[in-house]
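If you're matching them up, the sequences are chains A and B in order. Numbering follows our numbering, in which position 26 of the first sequence is assigned residue number 29; successive positions increment by one, without gaps. Numbering follows our numbering, in which position 32 of the second sequence is assigned residue number 35; successive positions increment by one, without gaps. Ideal placement from N, C-alpha and C gives every residue a C-beta, glycine not left out. These numbers come from a predicted model, not from an experiment. Read the structure below first, then the notes.
Protein chains: 2
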Amino acid sequence: MEEKARQIATLLKVLANENRLMIFCALMKGPASVGSLAQTVPHITQSALSQHLAVLKAHAILDYTKTGQYMVYHIADHRVAEIIHVLKKYYCADSGNE
Amino acid sequence: MEEKARQIATLLKVLANENRLMIFCALMKGPASVGSLAQTVPHITQSALSQHLAVLKAHAILDYTKTGQYMVYHIADHRVAEIIHVLKKYYCADSGNE
DNA sequence: TCAGTATATTAGCAATTGCTAATATGTTTA
DNA sequence: TAAACATATTAGCAATTGCTAATATACTGA
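And the structure:
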C-alpha cells in the first residue's frame, strides 16, 4: 500500500501543475506540435513549455512523433486522460470549454 | 480555462503526497481519530500527521468532530473520494487491499 | 552553405514543500 | 490539582519545483 501510494503521488505531482494540466487538456482534443501548444497555453515561454513536455514524456504520459522539424505530441497514457476527465466533470462548470 | 486549471492544480498538489494519500485512503474506510491514523499510516510522526491533516482540512477535503480529547476526522469532499477511487482502479492491482 | 525556424537543454535562482524537534494547548483521570 | 495523554503549532532546515535567460541542436529552404 505504501508503494502504491508513492506511485500515485508521483503521478499526481506531475499533474499538479497548472501549465502541465493545460498542455494535457489541449492534447485531449488531439495531437499537436509544440508551436501550436505554445499558442494554446497562455503566457508560456518556449523553454518552459519544452521542459513541461519533457516531464510528461519522461513519465510516459505523453509521447511524440517527429515529422520534419516539428515534434507532434500526443497522449500516451489514457488512464490519465480518464482521470482528467473526472476532474473536469467535478471541478469545471459543465458548460462548454471554459 | 486558466483559472480552472489553477484550481485543479491546487487540489492535485494537496493530493500529490504519499502520506496524505494514505491518510485519505484510510478515511475512505470510515472516520478515524488521529491516534488510529498514526497507527495506520506507516512511519509517520505525530507532528507530520497533524500537519497533513491541517492541510487537508484547510482545503475542505477533510473535516473533524471533536469528541473529548479525540479528534475524529472524516472525508468532507466526496468528489475527492471519487477521484481517488478512479486512481486506485487504474494504478492499484485490483486484488484486495495492497 | 547560410539564414531562419522549431525545439531541446542547461545553469542558476526564488519560491514552495515536507520533515524534525521543540513547545503549546486542551482533556482526562487519579 | 498534578500527571498523563491527545493533538496542534511553530521554527528552521534540506530538498524539490518552476521559472528565465542563455545556448545548443536539428531541420528547411534559398
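- For V44 of chain B, the three-state DSSP class (helix, strand or coil): Of the three classes helix, strand and coil, the one that applies to V44 of chain B here is coil, per DSSP.
- If you compare alpha carbons, which of A:A8, A:T13, A:R9 and A:P45 is closest to L59 of chain A? Answer by Cα proximity: A:T13.
- Message: Taking only three categories from DSSP, how would you classify K69 of chain A?
- Response: Looking at K69 of chain A - three-state DSSP - the assignment turns out to be strand.
- Other residues of its chain near N100 of chain A: CB distance less than 7 angstroms, five sequence neighbours each side excluded: At N100 of chain A, the pLDDT of 42 sits below 50, so the modelled position is not reliable; the number obtained from the coordinates is stated separately. By the criterion of a C-beta distance shorter than 7 angstroms, N100 of chain A is surrounded by no residue of its chain, once the five residues flanking it on both sides are discounted.
- Task: Identify whether H77 of chain B lies in helix, strand or coil by the three-state DSSP scheme.
- Result: In the structure shown, H77 of chain B adopts extended strand secondary structure according to DSSP, grouped into three states.
- For the alpha helix (DSSP H) that contains I26 of chain A, what are its first and last residues? E21 to M31 is the span of the alpha helix (DSSP H), which, as asked, contains I26 of chain A.
- Quick one: using the 10 Å Cβ neighbour count with 16 as the cut-off for buried, is K7 of chain B buried or exposed? By the neighbour-count definition (other C-beta atoms within 10 Å, threshold 16), K7 of chain B is a buried residue.
- Is the beta carbon of I78 of chain A sitting closer than 7 angstroms to the one on L15 of chain A? Not in contact: I78 of chain A and L15 of chain A (Cβ atoms no closer than 7 angstroms).
- May I ask you to report which of helix, strand or coil DSSP gives N100 of chain B? Per-residue confidence for N100 of chain B stands at a pLDDT of 42, beneath the threshold of 50, marking its modelled position as unreliable; no derived number is given.
- Item | Contacts of Q10 of chain A in chain B (Cβ-Cβ under 7 angstroms) | Chain B residues near Q10 of chain A: Y94.
- Message: Relative to the C-alpha of A63 of chain A, which candidate in A:R82, A:Q49 and A:C28 has its C-alpha closest?
- Response: Closest option to A63 of chain A, Cα to Cα, is A:R82.
- Closest by C-alpha distance to R23 of chain A, when choosing among A:R9, A:K69, A:M4 and A:H46: Out of A:R9, A:K69, A:M4 and A:H46, A:H46 has the C-alpha closest to the C-alpha of R23 of chain A.
- Task: Give the single residue among B:T70, B:H88 and B:E21 whose Cα lies nearest to the Cα of A51 of chain B.
- Result: When each option's Cα is compared against that of A51 of chain B, the closest is B:E21.
- Query: What is the DSSP secondary structure of A63 of chain A, counted as helix, strand or coil?
  - Reply: A63 of chain A falls in the coil class under three-state DSSP.
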